[in-house]
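Top to bottom, those sequences are chains A and B. Under the numbering used here, residues 53 to 467 are what the first sequence spells out, in order. Under the numbering used here, residues 38 to 123 are what the second sequence spells out, in order. Only one structure is covered here, and it is reproduced in the block below.
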Amino acid sequence: MNIFSVSEITKYIKELFECDSQVANLLVRGEISNFKRHFSGHCYFTLKDSNATIKAVMFKSRAQDLKFEPKGGMKVIAGGQITVFERDGQYQLYVQQLVPDGIGELSLAFTQLKEKLEAEGLFADECKKKLPMLPDTVGIVTSATGAVLRDIITVSKRRHPGVTLMLYPVLVQGSEAPMQIAHAIEVFNKLGNVDVIIVGRGGGSIEDLWSFNDERVVRAIAASVIPIVSAVGHQTDYTLTDFVADRRAATPSQAAEFVVPDVRELIKYVTTLKNTLLNNVHNLLENKRLRVEQSAMSRVLQYPHEFLRARQQMLDSCMERLDKATKQIVMVKQHQFEITAEKLAMLSPLAVLARGYSIVRDAKGQLVNDVSTTHPGQQLEIILNQGVIDVEVINVQEGYYGKNQEKRQSRGDLF
Amino acid sequence: MARTKKKDNLEEICFEQALEKLEVIVKQLERGELSLDESLGNFAEGVNLSKVCLNKLDYAQKQIDKILLEEQGKIIEKPLVVQEDE
């Protein structure tokens with residue numbers, strides 16, 4: 053016979069548990085006892101009935117989502133897997149979902165399906181479609197009888213009498229209902245004859261509303277390209293249809309309010325916009341017209357001659373100034389010329405000769421301005437006023453200026 | 038029909054788009070940044086858009102509501118008559 057170590061045999065037993073699909077995923081109904089929430093957040097308890105007990109553990113990751121506080125004595129349904137905790141040699145239930153038993157299996161199934169579909173992203177905000185502002189036609193998926201349809205019709209027509217409603221009648225409870233509801237949504241999508249769909253039913257027990265938690269319905273809504281508003285049960289009831297719908301209404305009347313706009317309000321708004329437009333353009337044109345008028349009224353355009361006259365006057369005055377200035381310049385120049393001419397006349401050698409001076413040149417025509425360069429018998433030419441005389445030098449006296457000059461000098465000495 | 042394909046045509050434009058365009062035009066005109074020609078062009082478009090919007094809001098013509106029924110796999114439309122509770 054084989055001898056096992058404790059570890060080996062425990063491992064073997066654990067594998068037996070894990071091979072069994074029955075205990076890999078199961079629901080257990082029982083009463084909680086010895087409930088302890090460890091400071092780590094994990095919960096440990098025992099499930100029991102009159103004849104047996106089973107250890108259970110719920111880890112923090114699951115326990116933190118519990119919508120109620122488990123307590124000893126509470127009847128519950130726990131969902132999860134049974135396997136062996138090797139250290140203690142103990143098999144126990146690893147709880148994934150835990151619901152009070154009073155609410156029943158439906159609630160657990162709800163929680164499980166919700167988690168599954170949520171993980172698939174069916175409820176994500178990115179998937180929500182915008183409702184049309186003004187639908188032509190509204191599809192309705194509900195019972196042909198009952199208050200829901202009447203409420204939707206009443207509210208819709210009150211808000212927009214011109215809206216068309218199109219009902220696809222379905223059963224809203226019972227085993228046939230989910231298929232019919234899903235099918236109705238598919239038909240509207242296939243026909244493409246409505247802009248938005250309201251899916252709903254009136255209040256009832258959780259069992260009555262159950263069709264709206266059906267996976268087929270939820271998936272049909274998720275697949276719809278037409279926006280869908282849910283209105284299931286009362287304000288406090290939440291079904292998976294509400295989570296997956298593009299918008300959740302608390303009541304059928306509210307669904308109609310979401311879907312159908314108050315047409316009078318819209319008319320008022322559009323009319324206001326139109327009037328603003330008219331006023332704006334009127335003001336704009338008036339403004340431009342005033343500017344044109346102002347320009348047309350200007351003096352320049354009104355009395356163009358005045359403008360010309362002023363210019364003429366300016367021109368005249370300029371011409372006059374030009375004339376004056378020119379004359380002035382001529383006068384000044386003439387005067388300057390006269391003075392210069394006079395100066396010139398004064399400087400003329402002829403004028404000097406006229407005052408009694410004379411010029412002496414030798415035979416070669418060289419100017420003689422120093423007595424020392426002359427000698428007796430030399431032929432010279434003296435230029436006087438009115439003519440020339442040819443002379444011969446008789447005597448040369450240096451430093452002597454003649455008789456007249458002598459007299460003047462002696463007189464000068466007296467002073 | 039609701040979901041016919043959009044054409045670039047004022048008659049085919051949906052209410053929401055028409056209203057959005059109209060709002061943009063009104064804002065532009067209010068800011069007064071456009072030339073006179075542009076303003077008048079926008080104005081004409083705006084008036085047309087407001088007409089389109091108001092036409093779509095016209096509820097004078099009452100619509101007949103319908104009920105869809107399937108008979109032997111065929112979908113037929115019939116006028117909707119609200120039944121009282123059973």
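By construction, the Cβ of each residue, glycine as well, lies at the ideal position given by its N, Cα and C atoms.
Residue 94 of chain B is not a Cβ neighbour of residue 83 of chain B, given a cutoff of 9 Å. Distance from residue 420 of chain A to residue 414 of chain A at the Cβ level is roughly 6 Å; contact confirmed, criterion being Cβ atoms closer than 8 Å.
The C-beta of residue 453 of chain A has fewer than 16 other C-beta atoms within 10 Å across all chains shown, which makes the residue exposed. Proximity of the stretch 284 to 293 of chain A to the stretch 56 to 76 of chain B falls short of the contact definition, fewer than three beta-carbon pairs being nearer than 8 Å. Counting every other CB atom within 10 Å of its CB across the protein chains shown gives residue 439 of chain A a total below 16, marking it as exposed. The beta carbon of residue 299 of chain A sits closer than 7 Å to the beta carbons of 183, 281, 310 from its chain, once the five residues preceding and following it are set aside; these are given in chain order. Comparing C-alpha distances from residue 230 of chain A to each of A/209, A/252, A/248, A/214 shows the shortest one belongs to A/252. Secondary structure remark: continuous alpha helix (DSSP H) runs of at least 4 residues inside the stretch 238 to 302 of chain A, in chain order: 267 to 275, 292 to 296. The distance from the Cβ of residue 185 of chain A to that of residue 53 of chain B is about 4 Å, consistent with a contact at the 8 Å cut-off. Between residue 91 of chain B and residue 323 of chain A, the CB-CB gap stays under 9 Å. For the stretch 50 to 69 of chain B, the beta-carbon criterion of a distance under 8 Å to any beta-carbon of chain A is satisfied by 51, 52, 53, 56, 59, 60, 62, 63, 66, 67, 69.
Excluding the 5 residues flanking it on each side, residue 436 of chain A has same chain C-beta neighbours closer than 7 Å at 405, 410, in chain order. If you draw a 10 Å sphere on the C-beta of residue 212 of chain A, you find 16 or more other C-beta atoms in it, and that means buried.
Three or more Cβ pairs closer than 8 Å define a contact, and the stretch 341 to 351 of chain A falls short of that threshold against the stretch 247 to 264 of chain A. With distances taken between CA atoms, residue 166 of chain A lies nearest to A/265 out of A/103, A/434, A/265.
Between residue 269 of chain A and residue 263 of chain A a beta carbon distance of about 6 Å is seen, short of the 8 Å cut, so the two are scored as contacting. Listed in chain order, the non-local C-beta contacts of residue 89 of chain A below 6 Å within the same chain comprise 95, local neighbours out to five positions each way being set aside.
Contact with chain A is found for residue 101 of chain B, since one of that chain's Cβ atoms lies less than 9 Å from the residue's Cβ. Considering only beta carbons, the part of the stretch 301 to 324 of chain A lying closer than 7 Å to chain B consists of 315, 318, 319, 322, in chain order.
Using a CB distance cut-off of 9 Å, residue 113 of chain B does not count as an interface residue toward chain A. CA-to-CA, the gap between residue 228 of chain A and residue 259 of chain A works out to about 14 Å. Between residue 447 of chain A and the set A/455, A/456, A/430, the nearest pair of CA atoms involves A/430.
For residue 415 of chain A, no beta strand (DSSP E) segment is defined, and its DSSP state is neither H nor E. Counting every other CB atom within 10 Å of its CB across the protein chains shown gives residue 359 of chain A a total below 16, marking it as exposed. Cβ contact annotation for residue 132 of chain A (same chain, cutoff 6 Å, sequence separation greater than five): 145, 146, 147, 148, in chain order. The three-state reading of DSSP puts residue 384 of chain A in helix, counting H, G and I together. Here residue 95 of chain A is bridged, per DSSP, to A/89, A/110. In this structure residue 84 of chain A is not in contact with residue 151 of chain A, their Cβ atoms being roughly 12 Å apart against a cut-off of 8 Å.
Distance from the Cα of residue 244 of chain A is smallest, within the candidate group A/171, A/218, A/214, for A/218.
Here the C-alpha atom of residue 123 of chain A lies approximately 37 Å from the C-alpha atom of residue 60 of chain A. Looking at A/390, A/285, A/276, A/116, the one whose alpha-carbon comes closest to that of residue 198 of chain A is A/285.
Identification of residues in the stretch 340 to 357 of chain A having a C-beta nearer than 7 Å to some C-beta of chain B yields 340, given in sequence order.
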